Amino acid sequence: MIQLIENAFEYKNRLAIISDHNNYTYDDLLKRSANIAHQLLNGKADLEEARVAFIVDPGFDYTCIQWGIWRAGGIAVPLCVKHPFKSIEYVIEDTQASVVILSTAYEKLMAPLDERKGIRVIRNQEFNDHQGELPEIAISRRAMILYTSGTTGKPKGVVTTHKNIEKQITSLTTSWEWHQDDHILNVLPLHHVHGIINVMSCALWSGGCCEFLPKFDPKKIFEIFNRQQVNVFMAVPTIYFKLIAHWNTLPETEQNLITTSLKKFRLMVSGSAALPVSVLKQWEKISGHTLLERYGMTEMGMAISNSYRNKRKPGYIGLPLNEVIIRIADEQNQPLEQGEKGEIQVKGLNVFKEYWGKPKATAASFTADGWFKTGDIAVFENGAYRILGRNSVDIIKSGGYKISALEIEEVLRTHTAIKECGVVGIPDDEWGEIIGASLVLATAAIDFEKLKTWLKEQLPAYKIPKRFIIQEDLPRNVMGKVTKMDLKKIFLTQKNNL
Ligand code: MCA
Ligand code: AMP
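If you count the sequence shown from 1, position 480 lands on 479 in my numbering, and the numbers rise without skipping.
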């Protein structure tokens, strides 16, 4: 039994979703998702974990499709609406999706799919009234695959079961005291845990309202806040940075109006990347709220959080959430004492089942005794955990997105003008990190505008390097291995990056 959907039967006529200036109740959600489920089943009794990929903007239709897939017994594979076809094709092929659902806005992008054999393409507007039985879904079954970057080339599909998702939701609804009068604004993309679980699913689990703004826009966000209906907000540090920057450009009367509205909020959360204390302090001045910083990962939902009721510690991520077990371990996976620096390792029903189709990668991400190895380095001190960084220089966090330097290098190396390259994250106040690429050319020169246009077809915009340098060779150690830390330093000292 999928509890998230069972709960909705209790909430009936309550307001569930606001999107595109329309209001939708829980009954609307249940009715449309049942129609979608029946049409997906197409006469079968159960989709039996068939992968159903979908590309639809955040909003009522997105939620109905996700619920429809679950109610039919399928695995939901949300696609990123900003990705180029190449990245989308990778996900469809990797999951061996047998059905792809798309909305009108993505017809052109997805046109090449119509020629593929074995994939049923359904337009969102084709769903209509269907009646009948729906299968009983055991919560041990696979529910969702989300793609995340790691230290090995291409992104991996993280598989979560209904049970995992339920645990990820309830640890937050209890800790952060969600209730049915809550109204959250979602401005996050819906192919990642932050938007899907923390925002949308927690609101709907609790009988609250989730309002969608599909495109990030500071002006529109403040306009919505000023209606004084939204009382919960969650975002990545870059979004708070951008909201602060916009607020600073406004006349005092408008600033005061926004501040009055923000002070009435119940909860404001930051996560997905380290929250700079400077951003926390500025937001505190504007809103009267000390942002609640928490720590999570696609593979486990949220694991560590500052307190909802008690004092929040700037620069710290807090304490383990309910039923999440945490330890700090050394490189041999031996637990360390308080105050010692090591890797965060996690156990709990919130932790994912597997990387899709990658048993070796799955096994490598757990210790022999079942601890999930996050790759994040932290210390427990002054009664809370503090993140110190990652154990791999090849993982970049930019705008809240996790990016693999190796994936970008692999793409750059396929360009005819590039002989060798090294990609690193460069610290940046707004984005957390921005991507820098050092190129060793195979030709006398390179046209950067053409290179960027070419890259746009290969990679999502947020994975395209923002800084380039050209070098004779990459910095190497005595063994001839490229040293990324030296490369980072070069980017920081070289003022005339392209
Ligand atoms: C976009 N731009 C960038 C980047 N992204 N520049 C530098 N670094 C970047 N990462 C530039 C574009 O090239 C463009 O420049 C301009 O910004 C506007 O691009 P656009 O795509 O429209 O950006 P945006 O809409 O303003 O996006 C910023 C954003 C977005 C809203 C912060 O990045 C975002 O939604 N981030 C959240 C990601 C997220 O949900 N992560 C959670 C995953 P030009 O104008 O010159 O062309 S982590 C997770 O789920 C775990 C479990 C967790 O802990 O939460
Ligand atoms: P993702 O794979 O996209 O789910 O990103 C998860 C990663 O985001 C974690 O492994 C951390 O490196 C990072 N992260 C999430 N929350 C925080 C936080 N509050 N502070 C620092 N890093 C964070």
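Don't be surprised by glycine CBs; every beta carbon is placed ideally from N, CA and C. This structure is a prediction, so every number in the text was calculated from the model and none was measured.
Quiz prompt | When K263, E339, C63 are compared against V231, the one with the closest alpha-carbon | solution = By 1-based counting over the sequence shown, the position of residue 231 is 232. Among K263, E339, C63, the Cα nearest to that of V231 belongs to K263.
Quiz prompt | Whether I64 touches I100 by CB criterion (8 angstroms) | solution = Looking up residue 64 in the sequence shown gives position 65. Looking up residue 100 in the sequence shown gives position 101. Yes, these two residues count as a Cβ contact at 8 angstroms.
Quiz item: Taking C-beta to C-beta, are I195 and A273 nearer than 8 angstroms?
Solution: Locating residue 195 in the sequence shown gives position 196, where the first residue counts as 1. Locating residue 273 in the sequence shown gives position 274, where the first residue counts as 1. No, these two residues do not count as a Cβ contact at 8 angstroms.
Quiz item: Ends of the beta strand (DSSP E) at R389?
Solution: Counting from one through the sequence shown, the residue named residue 389 turns up at place 390. R389 -> beta strand (DSSP E) spans 383–389.
Exercise. In angstroms with no decimal places, state the Cα-to-Cα distance between I87 and N255.
Key: To locate residue 87, count along the sequence shown from 1; it is residue 88. To locate residue 255, count along the sequence shown from 1; it is residue 256. Those two C-alpha atoms are separated by around 43 angstroms.
Quiz prompt | Pair within 8 angstroms by beta-carbon distance, I74 and V90 | solution = Locating residue 74 in the sequence shown gives position 75, where the first residue counts as 1. Locating residue 90 in the sequence shown gives position 91, where the first residue counts as 1. Their beta carbons are not under 8 angstroms apart, which means I74 does not touch V90 by this criterion.
Quiz item: Leaving out the 5 sequence neighbours to the left and right, which residues in its chain are closer than 7 angstroms to L108 when beta-carbon positions are compared?
Solution: Locating residue 108 in the sequence shown gives position 109, where the first residue counts as 1. Excluding positions up to five away in sequence, the list reads F84.
Practice problem: State the start and end residues of the unbroken beta strand (DSSP E) segment that holds F240. | Solution: Counted from its first residue, the sequence shown places residue 240 at position 241. First-last for F240: 236–247, but that is the alpha helix (DSSP H), not the beta strand (DSSP E).
Quiz item: To which residues of the same chain is T94 closer than 7 angstroms at the C-beta, ignoring the five residues directly before and after it?
Solution: Walking along the sequence shown from the start, residue 94 turns up at place 95. Here the set comprises R50, A52, V76, I144, G156, W355.
Quiz item: Do K483 and V410 come within 8 angstroms of each other at the CB atom, strictly closer than that value?
Solution: Locating residue 410 in the sequence shown gives position 411, counting from the first residue. Locating residue 483 in the sequence shown gives position 484, counting from the first residue. Contact flag unset, no.
Self-check item: Same chain, Cβ closer than 6 angstroms to K166, five either side skipped, listed in chain order
Solution: Within the sequence shown, numbered from 1, the residue matching residue 166 stands at position 167. Answer for K166: L348, N349, listed in chain order.
Exercise. Could you tell me which of A460, L78, I376 sits nearest to I402, measuring between CA atoms?
Key: Sequence index remark: in the sequence shown, residue 402 carries index 403 (1-based). Ranking the options by Cα distance to I402, first place goes to A460.
Quiz item: Below 8 angstroms, can you find three or more Cβ-Cβ pairs linking the region 206–222 to the region 10–24?
Solution: yes
Quiz item: For the ligand MCA, any of its heavy atoms closer than 7 angstroms to the Cβ of V192?
Solution: Within the sequence shown, residue 192 is the residue found at index 193, counting from 1. At least one heavy atom of the ligand MCA is nearer than 7 angstroms to the Cβ of V192, so yes.
Quiz item: Any idea which residues DSSP pairs Q344 with across the strands?
Solution: Looking up residue 344 in the sequence shown gives position 345. DSSP lists R326, K372 as partners of Q344.
Quiz item: Would the C-beta of G295 count as close to the ligand MCA, meaning under 7 angstroms from any of its heavy atoms?
Solution: Position 296 of the sequence shown holds residue 295. Yes, the Cβ of G295 comes within 7 angstroms of a heavy atom of the ligand MCA.
Quiz prompt | Bridge-paired residues (DSSP) for H182 | solution = Here the question's residue 182 lines up with position 183 in the sequence shown. According to DSSP, H182 bridges with C208.
Quiz item: Going along the chain, which residues of its own chain have a beta-carbon closer than 6 angstroms to the beta-carbon of T289, five neighbours each way excluded?
Solution: Reading the sequence shown from its first residue, position 290 is the one you call residue 289. Result list for T289: E283, R311, in chain order.
Practice problem: Ignore the nearest five residues each way along the sequence and tell me which others in A377's own chain have a CB closer than 7 angstroms to its CB. | Solution: For this step, residue 377 is matched to residue 378 along the sequence shown. Counting only Cβ-Cβ distances below 7 angstroms, and skipping sequence neighbours, we find I327, I343, Y384, R385, I386, L387.
Practice problem: Rounded to whole angstroms, what's the CA-CA distance from A302 to D427? Just pull it up for me. | Solution: Within the sequence shown, numbered from 1, the residue matching residue 302 stands at position 303. Within the sequence shown, numbered from 1, the residue matching residue 427 stands at position 428. Approximately 26 angstroms, taken between the alpha carbons.
Quiz item: Under the criterion of a Cβ to heavy atom distance below 7 angstroms, does S271 qualify as lining the ligand AMP?
Solution: Residue numbering aside, residue 271 sits at position 272 when the sequence shown is read from its first letter. Checking every heavy atom of the ligand AMP against the Cβ of S271, one is found closer than 7 angstroms.
Practice problem: Starting from the Cα of L454, find the closest Cα among T442, I407, D485 and give me that residue. | Solution: Sequence index remark: in the sequence shown, residue 454 carries index 455 (1-based). Measuring from the Cα of L454, the nearest candidate turns out to be I407.
Exercise. Verify whether the separation of the beta carbon atoms of G431 and P236 is less than 8 angstroms.
Key: Working through the sequence shown from its first residue, we reach residue 431 at position 432. Working through the sequence shown from its first residue, we reach residue 236 at position 237. Cβ distance < 8 angstroms, so G431 and P236 count as in contact.
Quiz item: Between the region 120–138 and the region 329–341, do at least 3 Cβ pairs fall closer than 8 angstroms?
Solution: no
Quiz item: Can we count K401 as close to the ligand AMP, meaning its CB is less than 7 angstroms from some heavy atom?
Solution: As a working note, residue 401 is residue 402 in the sequence shown. Yes.
Quiz item: Any idea if H178 is buried or exposed, counting beta-carbon neighbours within 10 angstroms, 16 or more meaning buried?
Solution: Position 179 of the sequence shown holds residue 178. The residue is exposed, with fewer than 16 neighbouring Cβ atoms inside 10 Å.
Quiz prompt | Separation of V439 from I54, as counted between CA atoms | solution = Counted from its first residue, the sequence shown places residue 54 at position 55. Counted from its first residue, the sequence shown places residue 439 at position 440. About 37 angstroms.
Quiz item: According to DSSP, is E432 helix, strand or coil?
Solution: Within the sequence shown, the letter at position 433 stands for residue 432. In this structure, E432 counts as strand in the three-state DSSP scheme.
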